[in-house]
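Undergrad: Below are the C-alpha cells for one structure; questions will follow.
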Amino acid sequence: KKCKEILETEPNVSPVKCPVTIVGDVHGQYHDVMELFKIAGTAPTTNFLFLGDYVDRGYYSVETVQIVLALKVRYPKRVTIIRGNHES
Numbered sequence: 181k182k183c184k185e186i187l188e189t190e191p192n193v194s195p196v197k198c199p200v201t202i203v204g205d206v207h208g209q210y211h212d213v214m215e216l217f218k219i220a221g222t223a224p225t226t227n228f229l230f231l232g233d234y235v236d237r238g239y240y241s242v243e244t245v246q247i248v249l250a251l252k253v254r255y256p257k258r259v260t261i262i263r264g265n266h267e268s
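And the structure:
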C-alpha cells in the first residue's frame with residue numbers, strides 16, 4: 181500500500197541524483213541484485229536507478245520485485261524505479 185502511494189505521487193519524469201548506479205533488466209536474478217549491492221553499496225549511501233524488467237527468465241522474480249519495491253519504500257529519495265516491458 182505504501183509503495184503504491186509513493187509511486188502515485190511521483191511525477192512521470194523524475195530527477196535522479198548523481199552519482200547514481202544504473203541497474204537494468206535484472207529479469208528475476210535476485211542473487212545478481214544482491215551481488216550488485218555488495219559491489220555498488222546499499223541504498224542508504226548509494227543512489228539507484230532501476231530500469232525495469234524485474235521479472236521473467238529468473239527463478240526469483242517475486243523476490244527480485246519485492247526487494248526493489250522494499251528499497252523504494254524505505255529510501256524513496258535514493259531509489260528510482262521505472263517500468264520495463266514486463267511490468268504493466
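For any residue, its number in the working numbering is found by taking its place in the sequence shown, counting from 1, and adding 180.
C-beta atoms are modelled at their ideal positions from N, C-alpha and C, and glycine is treated no differently.
Which word fits Lys252, buried or exposed, when buried means at least 16 other C-beta atoms lie within 10 angstroms of its C-beta?
TA: What you label residue 252 is simply residue 72 of the sequence shown in a count that begins at 1. Under this definition Lys252 is a buried residue.
Undergrad: Report all residues from its chain with a CB closer than 8 Å to the CB of Lys182; omit the five preceding and five following residues, and keep chain order.
TA: Taking the sequence shown and counting its residues from 1, the one referred to as residue 182 is at position 2. Hits under 8 Å: Val253.
Undergrad: Runs of 4 residues minimum, wholly inside the stretch 200-237: which ones carry the alpha helix (DSSP H) assignment?
TA: Those alpha helix (DSSP H) runs which fall completely within the stretch 200-237 and span 4+ residues are 210-220.
Undergrad: By a C-beta neighbour count over all protein chains shown, 10 Å radius and 16 as the cutoff for buried, is Tyr239 buried or exposed?
TA: By one-based count along the sequence shown, residue 239 stands at place 59. The residue is exposed, with fewer than 16 neighbouring Cβ atoms inside 10 Å.
Undergrad: Would you mind working out which of Thr189, His211, Arg263 sits nearest Gly232, comparing C-alpha positions?
TA: Sequence index remark: in the sequence shown, residue 232 carries index 52 (1-based). When only C-alpha atoms are compared, the closest one is Arg263.
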